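Undergrad:
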Amino acid sequence: MDRFTSMQLFIRLVDSGSFSRTARDMNLTQPTVTKHIAAIEARLGVRLLNRNTRGMRLTEAGTLFYERCKIIQREVETADDMVTRLGERVNGRLRIASSSGFGRRVVMPLALEFMASNPGVQLDLQFDDHMIDLVEHGIDVSVRMGKLADSTLGSRCLGLNPWVTVASPAYLARCGEPNHPSLLTAHHCIVYSSVQGDHLWHYADSKGTPIPVAVGGPLRTNNISCIASAAIDGIGIALLPLYIARRWIVRGALTSILKDFPLPAQEIHAVYPSPRLVPAKVSAWIGFLQTQFEDDAWIKREWGNLDSLR
Numbered sequence: 001m002d003r004f005t006s007m008q009l010f011i012r013l014v015d016s017g018s019f020s021r022t023a024r025d026m027n028l029t030q031p032t033v034t035k036h037i038a039a040i041e042a043r044l045g046v047r048l049l050n051r052n053t054r055g056m057r058l059t060e061a062g063t064l065f066y067e068r069c070k071i072i073q074r075e076v077e078t079a080d081d082m083v084t085r086l087g088e089r090v091n092g093r094l095r096i097a098s099s100s101g102f103g104r105r106v107v108m109p110l111a112l113e114f115m116a117s118n119p120g121v122q123l124d125l126q127f128d129d130h131m132i133d134l135v136e137h138g139i140d141v142s143v144r145m146g147k148l149a150d151s152t153l154g155s156r157c158l159g160l161n162p163w164v165t166v167a168s169p170a171y172l173a174r175c176g177e178p179n180h181p182s183l184l185t186a187h188h189c190i191v192y193s194s195v196q197g198d199h200l201w202h203y204a205d206s207k208g209t210p211i212p213v214a215v216g217g218p219l220r221t222n223n224i225s226c227i228a229s230a231a232i233d234g235i236g237i238a239l240l241p242l243y244i245a246r247r248w249i250v251r252g253a254l255t256s257i258l259k260d261f262p263l264p265a266q267e268i269h270a271v272y273p274s275p276r277l278v279p280a281k282v283s284a285w286i287g288f289l290q291t292q293f294e295d296d297a298w299i300k301r302e303w304g305n306l307d308s309l310r
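Using UniProt numbering, read the sequence shown as starting at 1 and increasing by one per residue.
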């Protein structure tokens, strides 16, 4: 039995005044309780209790030991209570990570809205296009795109990130608008080199039959903002996540094409260091994100019906 448990046993014995009741309360036998008290006395080198047929009585050393044990027990209980209440409150510093583009355009405004509703929360936003170690960098929640690799991290699927095919009106006027994905082989396409299999664009027809198309063109880049800029400048046809393309489509700088041939949407996940004992501030943030990403609410609330954009 560890020292703190021994203290608890001694406190229980003094409070109850009975070896048999203490044994029952602590799920021990009475001889075991007696042996533990004897072991405590042997370790301390003093007698704590005097026993006779009428009961037991604390010695001077026993009284002092009892009082100090009670103080230690209260301090431990207070520490447990403080940490438990901290875990139950939506406050404190919340460190959030995401990719740069998605972080600035989507996570940032949502995080500010969350903070306004939870004034006890202080945000620390980390936006980086490199995958970072949550534990090493002290991240509470990371918002990530795509399928997740198996890991011990906790995760929650938030929703989907739709993609669209776009080109500038000037490019379409100059080169024509393809009405089927197979015709993209005759066009200049801007390739996003951060995506695995980047030269293959994966479409589907109305029946869900896959239509993979090998594309090429004058520009490849690993920066999604550069993809958008090049498409706006008429360099070629591009694939963009709707959260980036939407503003340029609404402004007329880009046109959504091949609307009858959907692209696969990326899964959006909240990832956190452990699935066990998740702090209240993390659960609250994830719950808030789920309400925003569900059914494309994060796009609809700013741009309305999406049918005209896709």
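Glycine included, each C-beta is placed from N, C-alpha and C at the ideal position.
Remember, predicted model here, so these are calculated numbers, not experimental data.
Give the straight-line distance between the Cα atoms of Pro-262 and Ile-96, rounded to the nearest whole angstrom.
TA: By 1-based counting over the sequence shown, the position of residue 262 is 262. By 1-based counting over the sequence shown, the position of residue 96 is 96. Going from the Cα of Pro-262 to the Cα of Ile-96 covers about 31 Å.
Undergrad: When you compare each of Arg-24, Phe-102 and Gly-62 to Met-7 by their alpha carbons, which one comes out closest?
TA: Position 7 of the sequence shown, counted from the start, is the residue given in the question as residue 7. Nearest C-alpha to Met-7: Gly-62.
Undergrad: Is it buried or exposed for Val-76, if we count other Cβ within 10 angstroms and need 16 for buried?
TA: On the sequence shown, position 76 is the one that residue 76 refers to. It counts as exposed.
Undergrad: Kindly indicate which three-state DSSP category Arg-47 falls into: helix, strand or coil?
TA: The residue you call residue 47 lines up with position 47 of the sequence shown. Correct three-state label for Arg-47: coil.
Undergrad: Between Phe-288, Thr-291, Ala-284 and Tyr-272, which lies nearest to residue 314 when the distance is taken from Cα to Cα?
TA: No statement about residue 314 is possible, as the shown extent of the chain runs from 1 to 310 and does not include it.
Undergrad: Using 9 Å as the threshold, is the C-beta distance between His-188 and Ile-237 below it?
TA: In the sequence shown, residue 188 corresponds to position 188, counting from 1. In the sequence shown, residue 237 corresponds to position 237, counting from 1. Against a cut-off of 9 Å, the Cβ pair of Ile-237 and His-188 comes out as a contact.
Undergrad: In angstroms, rounded to a whole number, what distance separates the CA positions of Leu-258 and Ser-274?
TA: Start at 1 with the first residue of the sequence shown, and residue 258 comes out as number 258. Start at 1 with the first residue of the sequence shown, and residue 274 comes out as number 274. So the alpha carbons of these two residues sit roughly 41 Å apart.
Undergrad: May I ask you to list the residues that DSSP assigns as paired with Val-33?
TA: In the sequence shown, residue 33 corresponds to position 33, counting from 1. According to DSSP, which records beta bridges pairwise, Val-33 is partnered with nothing at all.
Undergrad: Using three-state DSSP, classify Pro-165 as helix, strand or coil.
TA: As a position in the sequence shown, residue 165 is number 165, starting the count at 1. Note that residue 165 is Thr in the sequence shown here, rather than Pro. The answer is strand: DSSP assigns Thr-165 an E or B state.
Undergrad: Going straight from the alpha carbon of Phe-288 to that of Leu-44, what length do you get?
TA: Counting from 1 along the sequence shown, the entry for residue 288 is found at position 288. Counting from 1 along the sequence shown, the entry for residue 44 is found at position 44. Their backbone Cα atoms lie some 55 Å apart in a straight line.
Undergrad: Would DSSP call Ile-235 helix, strand or coil?
TA: Numbered from its first residue, the sequence shown carries residue 235 at position 235. Ile-235: coil per DSSP, three-state reduction.
Undergrad: For Gly-120, which residues of its own chain have a beta-carbon under 8 Å away from its beta-carbon, when the five flanking residues on both sides are left out?
TA: As a working note, residue 120 is residue 120 in the sequence shown. Hits under 8 Å: Arg-89, Val-90, Asn-91 and Gly-92.
Undergrad: Could you check what DSSP says for Glu-267 in three-state terms: helix, strand or coil?
TA: Translated into positions along the sequence shown, residue 267 becomes position 267. Three-state result, Glu-267: strand.
Undergrad: Should Gly-176 be labelled buried (16 or more other beta-carbon atoms within 10 Å of its own) or exposed?
TA: In the sequence shown, counting from the first residue as 1, residue 176 sits at position 176. So Gly-176 ends up on the exposed side.
Undergrad: Does the contact criterion of 3 or more C-beta pairs under 8 Å hold for the region 238-249 versus the region 165-175?
TA: Yes, the region 238-249 touches the region 165-175.
Undergrad: If distances are taken between C-alpha atoms only, which option among Tyr-66, Asp-124 and Phe-10 comes closest to Leu-94?
TA: For the purposes of this step, residue 94 is identified with residue 94 of the sequence shown, where counting begins at 1. Residue Asp-124 is the option with its Cα nearest to Leu-94.
Undergrad: Apart from the five residues just before and just after Ile-268, which ones in its own chain have a Cβ nearer than 8 Å to its Cβ?
TA: Here residue 268 corresponds to residue number 268 of the sequence shown, with the count starting at 1. Result list for Ile-268: Val-143, Arg-144, Met-145, Cys-157, Leu-158, Gly-159, Leu-160, Asn-161 and Phe-293, in chain order.
Undergrad: On the premise that Tyr-66 lies in contact with Ile-11, defined as a C-beta separation below 8 Å, what is that separation, rounded to the nearest angstrom?
TA: On the sequence shown, residue 11 is found 11 positions in, with the first residue counted as 1. On the sequence shown, residue 66 is found 66 positions in, with the first residue counted as 1. About 7 Å; that satisfies the 8 Å criterion.
Undergrad: Whole angstroms are fine: how far does the CA of Thr-78 sit from the CA of Ile-40?
TA: As a working note, residue 40 is residue 40 in the sequence shown. As a working note, residue 78 is residue 78 in the sequence shown. Distance between the alpha carbons of Ile-40 and Thr-78 is about 25 Å.
Undergrad: Got a sec? Which residues, its chain only, sit under 7 Å from Ala-204 by beta carbon, not counting five neighbours each side?
TA: Looking up residue 204 in the sequence shown gives position 204. Excluding sequence neighbours, Ala-204 sits near Pro-210, Ile-211, Phe-261 and Pro-262.
Undergrad: What does DSSP give as the partner residue(s) for Leu-240 in the beta ladder?
TA: Here residue 240 refers to the residue found at position 240 of the sequence shown. Its beta-bridge partners are Val-164.
Undergrad: Straight-line CA distance for Val-213 to Ala-186?
TA: Position 213 of the sequence shown, counted from the start, is the residue given in the question as residue 213. Position 186 of the sequence shown, counted from the start, is the residue given in the question as residue 186. Near 11 Å, if we compare the C-alpha coordinates of Ala-186 and Val-213.
Undergrad: Got a sec? Which residues, its chain only, sit under 8 Å from Gly-304 by beta carbon, not counting five neighbours each side?
TA: Numbered from 1 along the sequence shown, position 304 holds the residue referred to as residue 304. Note that Gly-304 scores a pLDDT of 49, beneath 50, so its modelled location is shaky; the value from the coordinates is reported in the next line. Nothing listed; no residue qualifies.
Undergrad: Residues in its own chain within less than 7 Å of Ile-232 by CB, not counting five upstream and five downstream?
TA: In the sequence shown, residue 232 corresponds to position 232, counting from 1. Once the five neighbours on either side are set aside, the close Cβ partners of Ile-232 are Ser-168, Trp-248, Ala-253 and Leu-254.
Undergrad: Could you tell me which residues DSSP puts in a beta bridge with Met-56?
TA: In the sequence shown, counting from the first residue as 1, residue 56 sits at position 56. DSSP output for Met-56 lists Arg-51 as bridge partner(s).
Undergrad: Just to confirm my understanding: we take Leu-110, look at its own chain, exclude 5 residues before and 5 after, and list those with CB closer than 6 Å. What are they?
TA: If you number the sequence shown from 1, residue 110 lands on position 110. Cβ neighbours of Leu-110 beyond the five flanking positions: Gln-292.
Undergrad: In its own chain, which residues sit with a C-beta less than 8 Å from the C-beta of Val-107, not counting the 5 before and 5 after it?
TA: The count along the sequence shown starts at 1 and reaches residue 107 at position 107. Closer than 8 Å at the Cβ level, and outside the excluded window around Val-107, lie Ile-96, Ser-98, Leu-125, Phe-127 and Val-143.
Undergrad: Assuming Ile-235 and Pro-218 make a contact with CB atoms under 8 Å, what is their CB distance in whole Å?
TA: Residue numbering aside, residue 235 sits at position 235 when the sequence shown is read from its first letter. Residue numbering aside, residue 218 sits at position 218 when the sequence shown is read from its first letter. With 8 Å as the limit, Ile-235 and Pro-218 qualify as a contact, their Cβ atoms being about 7 Å apart.
Undergrad: Decide if Ile-71 is buried, meaning its Cβ has at least 16 other Cβ atoms within 10 Å, or exposed.
TA: The residue you call residue 71 lines up with position 71 of the sequence shown. With fewer than 16 Cβ atoms within 10 Å of its Cβ, Ile-71 is classed as exposed.
Undergrad: Going by Cα to Cα distance, which pick from Arg-51, Val-14, Ser-100 and Ser-20 is closest to Cys-69?
TA: Position 69 of the sequence shown, counted from the first residue, corresponds to residue 69. Nearest C-alpha to Cys-69: Val-14.
Undergrad: Starting from the C-beta of Leu-153, find all residues in its chain whose C-beta is less than 8 Å away, skip the five residues before and the five after it, and write them out in chain order.
TA: Taking the sequence shown and counting its residues from 1, one reaches residue 153 at position 153. Excluding residues within five positions, the ones whose Cβ falls inside 8 Å are Leu-134, Val-271, Tyr-272, Pro-273, Ser-274 and Pro-275.
Undergrad: By alpha-carbon positions, which one of Val-141, Asn-52, Leu-183 and Ile-227 ends up nearest to Ile-286?
TA: Here the question's residue 286 lines up with position 286 in the sequence shown. It is Val-141.
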